[in-house]
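In what follows, a structure is listed as structure tokens, so that the remarks can point back to it.
Shown next as structure tokens:
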């Protein structure tokens, strides 16, 4: 976990952006320490524990096996929890930054981009990566970060100023399921590890939650200009997004290799909104909304 591909040390990333959901990391570490301590108890006090198990198992061999098995489970649990904590820590910072660079790199020509949108901008890692790319290309464009919390948007603006791209960034509070923008407004729309959180009040695997996620994707397509590019990096539900994009007749749909993030499968999917054309006989105009 030294450096990300964007030549940015992970200590710099956390110094600027901090960490979302740090409570989860603390939870994992506390449980990992607890199971580690329990493992040492089994190791140094195996005989008393063995005699304790004999009260439940009349056979000495069965009691010894049960005590040994319990000790092994606690040790394995400690290792798994430490690994989960390390993966969470890495995913929240260096991996997020690395994937932001990959998402930016999937858009071929930033010099023509006038307006970009980051849905669920959060701490601003992806938002500022887009702004940095606009600055590098000498573009006069801007990137808009949309989030559900006004407090988050204010924090994001601070990180943009720290990164030296404040003049390229605008933050706005709004509902991602009904984007406060006109149709065909943005040249590029991006989103990183956010869409899977939409509709979580219904439960992640319910039909209602899936409908909410698809609704965000439809809004994403709606605000894209014809020929515009969309890029999404998200957890678990990417196959669902690909099916919806195919239904919406998006072009150049590309899915990255699997990347383990936050201990689950993640993929990056990019697509291009087709250029508008005159309707022929028997054709109907697509409604990009879900």
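Numbering (UniProt numbering), first residue to last: 1 to 290. Cβ atoms here follow ideal geometry from the backbone N, Cα and C, with glycine treated the same way.
Cβ-Cβ distance between residue i and residue j below 8 Å
| i | j | result |
| --- | --- | --- |
| residue 130 | residue 190 | yes |
| residue 263 | residue 231 | no |
| residue 46 | residue 67 | yes |
| residue 121 | residue 138 | no |
| residue 188 | residue 229 | yes |
| residue 19 | residue 85 | no |
| residue 107 | residue 132 | no |
| residue 78 | residue 27 | no |
| residue 195 | residue 217 | yes |
| residue 74 | residue 29 | no |
| residue 64 | residue 50 | yes |
| residue 141 | residue 115 | yes |
| residue 44 | residue 71 | no |
| residue 207 | residue 169 | no |
| residue 219 | residue 178 | yes |
| residue 341 | residue 54 | Residue 341 lies beyond the residue range present for the chain, which begins at 1 and ends at 290; the question has no answer from this structure. |
| residue 113 | residue 81 | no |
| residue 215 | residue 237 | no |
Collapsed DSSP secondary structure at residue i in the structure displayed
| i | result |
| --- | --- |
| residue 259 | strand |
| residue 253 | strand |
| residue 233 | strand |
| residue 106 | coil |
| residue 77 | helix |
| residue 280 | Here the model assigns residue 280 a pLDDT of 43, short of 50, so the residue's position is not dependable and the matter cannot be decided. |
| residue 244 | helix |
| residue 8 | coil |
| residue 264 | strand |
| residue 269 | strand |
| residue 86 | helix |
Supposed contact pair residue j and residue i - C-beta distance, whole angstroms, cut 8 Å
| i | j | result |
| --- | --- | --- |
| residue 193 | residue 261 | 7 Å |
| residue 183 | residue 222 | 6 Å |
| residue 211 | residue 275 | About 29 Å separates the two Cβ atoms, so there is no contact after all. |
| residue 159 | residue 16 | 6 Å |
The stretch 120 to 128 touching the stretch 89 to 107, judged by at least three CB pairs closer than 8 Å: yes
Every unbroken beta strand (DSSP E) within the UniProt domain "Methyltransferase type 11" (117 to 230), with a cutoff of 3 residues, ordered by chain: 142 to 147, 169 to 173, 186 to 192
Contact the stretch 239 to 255 vs the stretch 168 to 184: 3+ CB pairs below 8 Å: no
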